[in-house]
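Notes follow the structure.
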Amino acid sequence: MSDISSLTFGERLARMYASDAASDGVFVTGVLTTGIYCLPSCRARKPKAKNVVFFDTEEEAVQAGLRPCKRCRPDAFYAGCDPDRDRLTAALSMLEHDPSSVPNVPALAKLAGVGVSKLHMLAQRHAQTTPAELIHASRIRVAMRLLQSGETGATETAFAVGYESVSAFYDRFKQATGSTPGAFAQREQGRGRPEEL
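In the working numbering, the protein residues as written are 1 to 197.
Right, dumping it as structure tokens:
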């Protein structure tokens with residue numbers, strides 16, 4: 001990455017107009033007409049060049065009397081927080097608690113408080129997968145716990161974790177574990193029993 005001092009106004013402007021996430025932390029964009037400062041990656045409507053001033057640090061932007069953008073949250077970025085990642089983590093935690101309450105990707109997006117497109121971006125960025133795969137992985141983890149406990153059979157487990165079709169559950173379970181739900185339950189429950197003398 002270029003040294004901060006070597007970036008011209010024009011280079012910074014180009015990075016800002018490109019919403020260049022790689023420039024986050026390199027400089028801060030100040031928008032004089034709105035009185036806010038943003039990360040270069042901010043997706044808000046771009047200001048005219050004459051209304052922009054760049055700062056090397058967040059502190060300089062604050063000292064100039066600017067406040068943080070509510071969309072890109074530069075204050076959270078510089079504090080080491082990631083509100084989007086936190087939203088995804090909280091939604092996945094709720095999904096893990098009750099996967100049957102999240103029937104599809106739009107439901108997971110609603111749980112995370114974001115749109116479907118943003119959820120896809122967050123899943124790719126933070127989990128390197130798709131939202132649908134996150135849902136299936138959670139369902140399978142919960143199904144494994146239920147089957148290990150012996151409290152539910154395979155069919156009951158399929159519906160308990162949110163599958164509408166037993167065959168879809170069997171296919172997904174075998175794909176994830178290499179075993180059918182019944183064989184998995186038998187093997188896991190057998191491990192918990194004392195050996196016969």
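The beta-carbon is built from N, C-alpha and C at its ideal position, and this holds for glycine as well.
Mapping the DSSP letters down to three states, classify residue i as helix, strand or coil.
i      : result
Tyr163 : coil
Gly10  : helix
Thr130 : coil
Asp24  : strand
Gly190 : helix
Ala76  : helix
Ser117 : helix
Ser138 : helix
Ala18  : coil
Gly150 : coil
Leu197 : Because Leu197 sits at a pLDDT of 34, beneath the cut-off of 50, its placement in the model cannot be relied upon, and the following sentence gives the value as read from the coordinates. Correct three-state label for Leu197: coil.
Asp82  : coil
Gly182 : helix
Just checking my contact of residue i with residue j at CB under 8 Å: how many whole Å lie between their CB atoms?
i      : j      : result
Leu147 : Glu188 : 7 Å
Gly30  : Val52  : 7 Å
Ala127 : Leu119 : Wrong, their Cβ atoms sit about 11 Å apart, outside the cutoff.
Gly150 : Ala185 : 7 Å
Val26  : Phe55  : Contact flag wrong, Cβ pair sits at about 11 Å.
Val116 : Val105 : 6 Å
Ala209 : Phe169 : This structure cannot speak to residue 209, because the chain is shown only from 1 to 197.
Val102 : Gly162 : 7 Å
Ser41  : Ala21  : 4 Å
Which residues mark the beginning and the end of the alpha helix (DSSP H) in which residue i is found?
i      : result
Pro106 : Val105 to Ala112
Pro99  : Unbroken run through Pro99: none, as it is neither H nor E.
**Report entry** Contiguous beta strand (DSSP E) assignments of at least 3 residues, all confined to the stretch 29-73
**Finding:** 36-38 and 52-55
Query raised in the report: Taking contact to mean at least 3 C-beta pairs separated by less than 8 Å, is the stretch 132-142 in contact with the stretch 89-97?
Result: Three or more beta-carbon pairs drawn from the stretch 132-142 and the stretch 89-97 are found closer than 8 Å, and the two stretches are therefore classed as touching.
Query raised in the report: Quick one: any contact between the stretch 68-76 and the stretch 87-94, if contact means 3 or more CB pairs under 8 Å?
Result: no
Query raised in the report: Looking at C-beta atoms only, is the number of pairs between the stretch 24-43 and the stretch 54-69 that lie closer than 8 Å three or more?
Result: yes
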